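For reference, the structure is listed below as structure tokens.
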Amino acid sequence: MTLTNEGGFSTRFWDRAARKYAASPIKDQEAYEKTLARTIEHLGPNDTVLELGCGTGSTALLLAGKVKSYLATDFAKGMIDIADEKLAAGKAAGEAPQGLRFAVADGFSEEVELPGGAKYDAILAYNFLHLVENPEDLLARVRDLLKPGGLYISKTVCLKRKAWLFGPMIKVMQLFGKAPYVRMFSFDALETMTADAGFEIIETGTYPEPYSRFVVARKA
Ligand SMILES: C[S@@+](CC[C@H](N)C(=O)[O-])C[C@H]1O[C@@H](n2cnc3c(N)ncnc32)[C@H](O)[C@@H]1O
1 MTLTNEGGFS
11 TRFWDRAARK
21 YAASPIKDQE
31 AYEKTLARTI
41 EHLGPNDTVL
51 ELGCGTGSTA
61 LLLAGKVKSY
71 LATDFAKGMI
81 DIADEKLAAG
91 KAAGEAPQGL
101 RFAVADGFSE
111 EVELPGGAKY
121 DAILAYNFLH
131 LVENPEDLLA
141 RVRDLLKPGG
151 LYISKTVCLK
161 RKAWLFGPMI
171 KVMQLFGKAP
181 YVRMFSFDAL
191 ETMTADAGFE
201 IIETGTYPEP
211 YSRFVVARKA
């Protein structure tokens, strides 16, 4: 395992949060299903897919059956342990998707590189980029890992329009170790950063309103 932030505060934060995160229900089921449906529309049965920041693997377990291979990663071992438990339970019940594998990794880890320099058809990242301290570098790496024309499909929480409220609140929580790093994106800043990283944005949506920006971007 090669992590760029191994032992860092954010990794420990998410590690400790894993069991609670796994137990918390999806806040807006309709919006979640819309995100899944829009994603599935862009995937094909022969696709090789990478997911970054997969958490406890719920989305990976739902999407992996739609593609050929699906590597779902997270830098928090606590999250991946739970994802592996779910995968094992699915296998025991004969319901696990064939090509799904979980790994402790971040976007820069060697573990996410395909053998022989092969590239991904799609890279997925839900509720993720606003938590990354070097999003420009991460987007450059995502671009590098994709085939020409490959898709980066993401959902990012954009809190900029209420930064006056969320900014101080998150800072206080961070002082007490109760919040991880959070970047205050606006939709515009997120989409500009994505385009500047060498992507053509082909679809956007907000699921749920008003903060969760869904972006489908093609490697230009
Ligand atoms: C808000 S959770 C989202 C989990 C899942 N994608 C979902 O939508 O439910 C963010 C996840 O990203 C992971 N994460 C945060 N920063 C990361 C980074 N730099 N590299 C890899 N994973 C990261 C955390 O461990 C956590 O599991």
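In terms of my numbering, the sequence shown opens at residue 1 and continues consecutively. A virtual CB, placed ideally from N, CA and C, is assigned to each residue, including glycine. Nothing here was measured: the structure is a model prediction, and the numbers come from that model.
With distances taken between CB atoms, is the gap from residue i to residue j smaller than 8 Å?
i	j	result
Leu151	Arg218	yes
Leu52	Phe128	yes
Lys171	Ala189	no
Lys66	Thr48	no
Arg183	Pro115	no
Gly99	Tyr70	yes
Leu50	Val112	yes
Arg143	Gly198	yes
What's the C-alpha gap between residue i and residue j?
i	j	result
Ser24	Thr11	19 Å
Lys119	Leu145	5 Å
Ala92	Ala37	27 Å
Gly94	Lys162	46 Å
Ala18	Phe75	11 Å
Thr204	Thr59	19 Å
Leu62	Tyr207	18 Å
Leu87	Lys77	15 Å
Cys158	Phe185	5 Å
Taking residue i as part of the alpha helix (DSSP H), name the residues at either end of that continuous run.
i	result
Ala18	9-23
Provide the residue span of the beta strand (DSSP E) that contains residue i, from first to last.
i	result
Phe102	100-104
Leu151	146-157
Phe306	Because the chain in this structure spans residues 1 to 220, residue 306 falls outside the shown range and cannot be described.
Take the Cβ of residue i as the centre, count every other Cβ of all protein chains shown within 10 Å, and call the residue buried at 16 or more, exposed below.
i	result
Ala122	buried
Arg141	buried
Met79	buried
Leu139	buried
Ile153	buried
Lys155	buried
Gly177	exposed
Quick one: is the Cβ of residue i within less than 7 Å of any heavy atom of ligand 2?
i	result
Cys54	As far as ligands go, the structure on display features ligand 1 and does not contain ligand 2.
Return the Cβ separation of residue i and residue j in integer angstroms, given the expectation that the two are a contact with Cβ distance under 8 Å.
i	j	result
Ala22	Thr73	Not quite, the Cβ-Cβ distance comes to about 17 Å (not below 8 Å), so this is no contact.
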